[in-house]
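Just add 3 to wherever you are in the sequence shown, counting from 1, and you've got my numbering. Glycine residues also receive a C-beta, built at the ideal position from the N, C-alpha and C atoms. Note that the structure is predicted; figures quoted are calculated from it, not measured. To start, the structure under review is shown below, and the notes come after it.
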Amino acid sequence: MIIQHNIAAINSYRNLGINQSGLNKNLEKLSSGYKINRAGDDAAGLAISESMRSQINGLNQAAKNAQDAIGLIQTAEGALTEVHSMLQRLTTLASQSANGTYNTVARGNLQSEVSELLKEIDRIANNTDFNGIKPLAATGAAGKMTFQIGPSSAETITVNSQAMTASGIQAAIFQAAADQGQTKYTVGNNKDVLDLSATPNAYITATGTVGAQFDTLMSKAEGIQLKTPAGTELKNATLASAMLHTMDISGTSTVVANAAIDTINAAINAVSSYRAKLGAAQNRLEHTVNNLKVTSENITSAESRIRDTDMADEITAFTKNNILLQASQSMLAQSNSVPQSILSLLQ
């Protein structure tokens, strides 16, 4: 028997520390709900879990972005519903004005409503707003609406907005005064130049070769101009034109009113085309949202298996370590009492 080193007590104390540390970890995992609370718990698991969390956060935000984009599209499409309604009313008014039973005064009254409807189309297009974005007024680079629909920078959807003002959806009807025929040209956004290829002696008197190119330039300041190649003389080119934003169905003749009908129909087609694009984009975004949510759900499930505590398993481990801790404490007390028995030998 020795008294300088109590090996049994040292062993019991070491096991007591091990069991106490294990019990502390059990309590930490049970109280936090995570089996990985620091890199020391599982270095590789922590790295994978954090990467998955980043992806999950990106997916969840992308789903919100797509839902916001749907809201923007619905705002624009709802405004265009009313624009369509007004264009249909303009068709009715133009058809009325084209009727030979209307005199100049009656056509003037119809024109008053036309003018107000065109102003309202402009107002709706210029004032339809979603968080500072005007989907019915901007065009070109300013009109590109880019939506982030994924956790990486490359996952985007771009919808090009179109100007839905009366001038933005204008169509021009050109009719030669000396000819019974009629040619229709629809002018798209930012396309200010048209090439008119015609047989000159069929519509106008001109010098030069048959089939010469006439560059037609339209500007708000100058109206409609016809310019010919150098050395070509243009005569007797009286044109009747109808622009949606300057549409006039008044006057004594039904010619302009008839042209206005075609102009309005072209405008209706332009609005329908834009609404179709918006509807297609909305349907795509709705499927995108569904996919993002499913992907987020699956990755969350995988991350949970790596990081979350299995409560039943951890409670079992806690119970075991608690029993071992109490046993270690008891054995430490017993081992500390052994050297005292040496005193009985001295009696």
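The C-alpha of residue 278 is placed about 10 Å away from the C-alpha of residue 271. Taking C-beta atoms as the reference points, residue 168 and residue 129 count as a pair closer than 9 Å.
Contact check between the region 39-46 and the region 131-140: fewer than three CB pairs, one atom from each, fall below 8 Å, which does not count as touching.
Contact between the region 290-307 and the region 4-11 is absent: fewer than 3 CB-CB pairs across the two stretches fall below 8 Å.
Judged by DSSP in its simplified three-state form, residue 258 adopts helix. Burial is judged here by how many other beta carbons sit within 10 angstroms of a residue's own beta carbon; residue 110 has at least 16 and is buried. In the three-state DSSP reduction, residue 112 falls in the helix class (H, G or I). If you check the CB distance, residue 146 and residue 166 come in under 9 Å. Listed in chain order, the non-local C-beta contacts of residue 148 below 8 Å within the same chain comprise 72, 75, 136, 138, 161, 162, 163, 164, local neighbours out to five positions each way being set aside. A Cβ-Cβ separation of about 33 Å leaves residue 52 out of contact with residue 331 under the 8 Å criterion.
Beta-bridge pairing by DSSP links residue 311 to 37. By the neighbour-count criterion, in which 16 or more other beta carbons inside 10 Å mark a residue as buried, residue 348 falls on the exposed side.
When 298, 265, 340 are compared, the shortest CA-CA separation from residue 101 is found for 265. If you look at residue 51, you'll find it in the alpha helix (DSSP H) that goes 46-101.
Under the 8 Å Cβ criterion, the region 331-343 counts as touching the region 15-33, having at least three qualifying pairs.
Bounds of the beta strand (DSSP E) holding residue 162 are 159-163. Taking the CA atoms as reference points, residue 50 sits about 27 Å from residue 159. Ranking 345, 54, 66 by CA distance to the CA of residue 307 puts 54 first.
Residue 324 sits close to residue 22, with the two beta carbons spaced by under 9 Å.
Separation of residue 321 and residue 282 (C-alpha to C-alpha, rounded to the nearest whole angstrom) is 57 Å.
Check the Cα spacing between residue 123 and each of 261, 88, 113: the tightest is with 88.
From the listed residues 310, 315, 341, 345, the smallest Cα separation to residue 47 is found for 310.
Straight through space, the alpha carbons of residue 106 and residue 97 are spaced by roughly 14 Å. When 84, 59, 12 are compared, the shortest CA-CA separation from residue 275 is found for 84.
Straight-line spacing of the CA atoms in residue 317 and residue 326 works out to 14 Å. Here DSSP, grouped into helix, strand and coil, assigns residue 291 to helix. By the C-beta density criterion, residue 95 is exposed, having fewer than 16 other C-beta atoms within 10 angstroms.
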